[in-house]
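Going down the list, the protein sequences come from chains A and B. Heads up, the numbering used here is the position in the first sequence plus 3, with the first residue counted as 1. Heads up, the numbering used here is the position in the second sequence plus 3, with the first residue counted as 1. We put the CB at the ideal spot given by N, CA and C, even for glycine. Bear in mind that the values here come from a model prediction, so they are computed numbers and not experimental data.
Number of protein chains: 2
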Amino acid sequence: MDYPPHDTPLPTLADVARLANVSTATVSRCLNSPDQVVGETRKRVMKAVEDLGYAPNFGAKTLAAKQTNTFGAIIPTMENAVFARGIQAFQEELGRHGKTLLIASSAYQEALEEEQIRALAARGADGLLLIGYHRDQAIYDYLRRRSVPYLIAWSYDPAQDQPSIGFDNKSAMADLARLVIQQGHRRIACISAPIVSNDRARDRVEGIRIAMTEAGLDASDLWLIQTPYGIENGSTALRETLAAAPDTTAVMCVNDVLALGALRASKEMGLRVPADISITGFDDIEIASLAEPALTTVHVPHREMGRRAASMLMQMFKRRELPESVRLETDIRLRRSLGPPP
Amino acid sequence: MDYPPHDTPLPTLADVARLANVSTATVSRCLNSPDQVVGETRKRVMKAVEDLGYAPNFGAKTLAAKQTNTFGAIIPTMENAVFARGIQAFQEELGRHGKTLLIASSAYQEALEEEQIRALAARGADGLLLIGYHRDQAIYDYLRRRSVPYLIAWSYDPAQDQPSIGFDNKSAMADLARLVIQQGHRRIACISAPIVSNDRARDRVEGIRIAMTEAGLDASDLWLIQTPYGIENGSTALRETLAAAPDTTAVMCVNDVLALGALRASKEMGLRVPADISITGFDDIEIASLAEPALTTVHVPHREMGRRAASMLMQMFKRRELPESVRLETDIRLRRSLGPPP
DNA sequence: CGCGACAATGTAAACGCTTGCATCGGCGCA
DNA sequence: TGCGCCGATGCAAGCGTTTACATTGTCGCG
Chain A
4 MDYPPHDTPL
14 PTLADVARLA
24 NVSTATVSRC
34 LNSPDQVVGE
44 TRKRVMKAVE
54 DLGYAPNFGA
64 KTLAAKQTNT
74 FGAIIPTMEN
84 AVFARGIQAF
94 QEELGRHGKT
104 LLIASSAYQE
114 ALEEEQIRAL
124 AARGADGLLL
134 IGYHRDQAIY
144 DYLRRRSVPY
154 LIAWSYDPAQ
164 DQPSIGFDNK
174 SAMADLARLV
184 IQQGHRRIAC
194 ISAPIVSNDR
204 ARDRVEGIRI
214 AMTEAGLDAS
224 DLWLIQTPYG
234 IENGSTALRE
244 TLAAAPDTTA
254 VMCVNDVLAL
264 GALRASKEMG
274 LRVPADISIT
284 GFDDIEIASL
294 AEPALTTVHV
304 PHREMGRRAA
314 SMLMQMFKRR
324 ELPESVRLET
334 DIRLRRSLGP
344 PP
Chain B
4 MDYPPHDTPL
14 PTLADVARLA
24 NVSTATVSRC
34 LNSPDQVVGE
44 TRKRVMKAVE
54 DLGYAPNFGA
64 KTLAAKQTNT
74 FGAIIPTMEN
84 AVFARGIQAF
94 QEELGRHGKT
104 LLIASSAYQE
114 ALEEEQIRAL
124 AARGADGLLL
134 IGYHRDQAIY
144 DYLRRRSVPY
154 LIAWSYDPAQ
164 DQPSIGFDNK
174 SAMADLARLV
184 IQQGHRRIAC
194 ISAPIVSNDR
204 ARDRVEGIRI
214 AMTEAGLDAS
224 DLWLIQTPYG
234 IENGSTALRE
244 TLAAAPDTTA
254 VMCVNDVLAL
264 GALRASKEMG
274 LRVPADISIT
284 GFDDIEIASL
294 AEPALTTVHV
304 PHREMGRRAA
314 SMLMQMFKRR
324 ELPESVRLET
334 DIRLRRSLGP
344 PP
């Protein structure tokens, strides 16, 4: 069986019009605003549509109508449950309003993200959801110039002059760090994602430093190690940390997945958590509470964020104005993986 | 700050042509096949493009060129790491060839999936990746009629006359079930996703039945409970199972997430795994080996599947012919969660 | 009975790009 | 010097919609 390029070329509006004995305008109206067409004609047209198996050509439609009912989201990776969940909610909300969501994943590569943003914008997305602030100014200019509404999620920073919905990564992590310090920890290590193009990770690390400084500790004492996303990487990072800084008593990870890896490595090394070493995460993914011991982490309302992001973006498109940025609350989930130092 | 609908309308090919003092044809060629244009002209054109901040209009481009360089994937949910991983690989492979991937998620709803398939097809996707066989025949007809290449992943069933890449869910699960039975289990329960529109789940359940029958057990004795995807749901399902069938000694789950939930519930109920009850999963997601005890499950080469699916689909588009379906091998990862019955 | 208003439909001009074909120089070769 | 060829570029015809505007036919009302 083959896919003839188009042996029977696809039916077009004109074909339908011919068959139904009306003009293309009428067919178009039938499809887009049926109440402008009287019952009998409409029935005839619909039958023709059915018989021909007609489906509108999207490119042509966009070209003529300049609206796609399609929103786009560019996320760093699908393999992170955190984004998956937020985006799922985002899509559900859009769906409720008859909009379609197109997702692209950039695999944490800046160049690729840029390409995808441009692709989605050129494709006429009615609006774009982006993750975090960090990206080339040229992209923002491009988006503004084409007047494509965009919203930044997973970060909230009033200092950044961008419409956004998210939480304050810095202060959330600082809160957690205060708790860690309060438990008596002085030798703290941080396992982070690469911070160079990830403002969320960067802010979280910064949060720890802030709390340390407040407590009279020397922030430059923070042992920092960066590694890509992944359980395995978290494990490796913990081993390296303990090799280089053996007196560490608390390891704060910038996300739960790294923390889970660290947890595993600790156990494999025969360390008891939290008796010998404390470990914390960030995100509160579902398995955080399932781990052994359960992981102390920062809970983030991902679904709420996704849902509200959708509403905001649709508003932006409809009303053509910038919304107020929204700050969501996070809260700390204190679980067994954090305890006093040995 | 506002998003004027288009105060300064976007620059078009014609604008660039005017500024560079060439025809639109030349500009188009500059952008799409630069070697057809001599150096100096090209430079001039590129400068104009730059100055104007020109970006091609995708709709127009598709309309004229009938090729989008875009592939689509419709997955049941992003929240399942299994799909996330496979799709990530799928995208990476496409990216290597300069193609873009658009993803839509159907939240396991048939009607939504259909809508999204149509949307992506109408949008001129060069090819579509679908999950599993189960969907309305009308959709297949539609796709064929529009001659949109499509490939089915995560399932392989020679009986289905569709191009696909995947593994044999039925025999994979049967293999695992044989192992369970071999350990001595006779009272087996199965926690499944809803099987009505999910052939993968259905086949896995069927696999258990086959193994039971082979072993001389009565397949209708299999205690089956269906529940949506999610750890919490897995927990609940386990409790219900044990309430209704208290003599169960092995619980086979159709995916790891449900299994993890079951594991948690067992522990909460004070049962020792596997001493009091054995639990198995399917997929071998990363945390399966991290669980306490580590989960016995079926390992599936998700990334390989994604990567090869991309190649196949690109071939289908280029060569316009149906490929051979590909059957991938799975293998059982025997871990501590499975043991002999008490 | 005639006129205006209005509802239903048709006409045709965009929309922004690609591409087959025509055109135009300039070059090599006899 | 003249011819043919070829590479670079321009011309213009689509591609399949939407939609402003024009046209037609009906109906109610004075």
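Relative to the C-alpha of Asp54 of chain B, which residue among B:Gly135, B:Ile77, B:Lys64 and B:Leu13 is closest?
B:Leu13
Taking C-beta to C-beta, are Ala268 of chain A and Ser238 of chain A nearer than 7 angstroms?
yes
Close-in-space but distant-in-sequence residues of the same chain around Val40 of chain A (CB under 8 angstroms, 5 per side omitted):
Thr29, Arg32, Cys33 and Val48
Phe170 of chain B at chain A interface by Cβ criterion, 7 angstroms:
no
Taking only the alpha-carbon atoms, compute the straight-line gap between Trp157 of chain B and Phe86 of chain B and give it to the nearest angstrom.
9 angstroms
Any 3 or more C-beta pairs closer than 8 angstroms across the region 69-89 of chain B and the region 113-124 of chain B:
yes
Nearest to Ala110 of chain A by CA position, among A:Arg88, A:Gly101, A:Ile134 and A:Arg45, is which residue?
Ranked by Cα distance from Ala110 of chain A, the options A:Arg88, A:Gly101, A:Ile134 and A:Arg45 are led by A:Ile134.
Contact under 7 angstroms by Cβ, Ala312 of chain A with Ile213 of chain A
Not closer than 7 angstroms, so no.
Output the boundary residues of the alpha helix (DSSP H) element that contains Met317 of chain B.
His305 to Arg322
Would you call the region 170-189 of chain A and the region 280-295 of chain A touching, i.e. three or more CB-CB distances under 8 angstroms?
Yes, the region 170-189 of chain A touches the region 280-295 of chain A.
For Gly233 of chain A versus Gly89 of chain A, is the C-beta spacing smaller than 7 angstroms?
no
What separation, rounded to the nearest whole angstrom, lies between the Cα atoms of Gln318 of chain A and His305 of chain A?
Whole-angstrom Cα-Cα distance: 20 angstroms.
Chain-order list of residues whose beta-carbon lies under 6 angstroms from that of Pro197 of chain B (same chain, five-residue window excluded):
So the qualifying residues of the chain are Gln229.
Using a Cβ cut-off of 7 angstroms, pull out every chain A residue sitting near Arg267 of chain B, in sequence order please.
Leu293
Cβ of Gly273 of chain A less than 7 angstroms from any chain B Cβ?
no
Using the C-alpha atoms, what's the distance from Pro166 of chain A back to Val329 of chain B?
46 angstroms
Quick one: is Thr15 of chain A near chain B, going by C-beta distance under 7 angstroms?
no
Within-7 angstroms CB hit, Asp5 of chain B to chain A:
Its pLDDT being 44, under 50, Asp5 of chain B is placed unreliably by the model, and the measurement read from it follows with that caveat. Yes, contact with chain A.
Alpha-carbon to alpha-carbon, Ser150 of chain A and Pro8 of chain B
Its pLDDT being 45, under 50, Pro8 of chain B is placed unreliably by the model, and nothing is read from it.
With a cut-off of 7 angstroms, does the C-beta of Met81 of chain A fall near any C-beta of chain B?
yes
So, are the CB atoms of Ala294 of chain A and Val257 of chain A less than 7 angstroms apart?
no
Please report how far the alpha carbon of Thr80 of chain A lies from the alpha carbon of Met176 of chain B, in whole angstroms.
30 angstroms
Would you kindly report the start and end of the unbroken alpha helix (DSSP H) that includes Ser238 of chain B?
Ile234 to Ala247
Ordered list of beta strand (DSSP E) runs contained in the region 99-177 of chain B, each at least 3 residues:
103-108, 130-134, 153-156 and 167-169
Spatial neighbours of Ile142 of chain B within its chain, please: CB distance less than 7 angstroms, with the 5 preceding and 5 following residues excluded, ordered by chain position.
Glu117 and Ile120
DSSP three-state call for Thr227 of chain A: helix, strand or coil?
Note that residue 227 of chain A is Leu in the sequence shown, not Thr. In the structure shown, Leu227 of chain A sits in a strand (DSSP, three-state: E or B).
Trp226 of chain A vs Ala248 of chain A beta-carbon contact at 7 angstroms
yes
Taking a Cβ distance cut-off of 9 angstroms, strictly less, list which residues of the region 89-106 of chain B are near chain A, in chain order.
Ile90, Gln91, Gln94, Glu95, Gly98, Thr103, Leu104, Leu105 and Ile106
With distances taken between CB atoms, is the gap from Glu82 of chain A to Gln91 of chain B smaller than 7 angstroms?
yes
Given this structure, state the Cα-to-Cα distance separating Ile340 of chain A from Thr300 of chain A, to the nearest angstrom.
Note on residue identity: the sequence assigns Ser, not Ile, to residue 340 of chain A. Ser340 of chain A and Thr300 of chain A: Cα-Cα distance of roughly 9 angstroms.
What residues from the region 57-69 of chain A come within 8 angstroms of chain B, judged by C-beta to C-beta, listed N to C?
Ala58, Pro59, Asn60, Phe61, Gly62, Ala63, Lys64, Thr65 and Leu66
Chain A within 7 angstroms of Ser130 of chain B, Cβ atoms only:
A small fix is needed here, since residue 130 of chain B is Gly in this sequence, not Ser. For Gly130 of chain B, the answer is no, since every Cβ of chain A falls outside 7 angstroms of its Cβ.
What are the residues in the region 252-267 of chain A lying within 9 angstroms of chain B by C-beta distance?
The region 252-267 of chain A vs chain B, Cβ under 9 angstroms: Val260, Leu263, Gly264, Leu266 and Arg267.
So, does the CB of Ile234 of chain A fall closer than 7 angstroms to a CB anywhere in chain B?
For Ile234 of chain A, the answer is yes, since a Cβ of chain B falls inside 7 angstroms of its Cβ.
Apart from the five residues just before and just after Ala297 of chain B, which ones in its own chain have a Cβ nearer than 6 angstroms to its Cβ?
Arg338 and Arg339
With a threshold of 7 angstroms between beta carbons, is Glu53 of chain A in contact with chain B?
no
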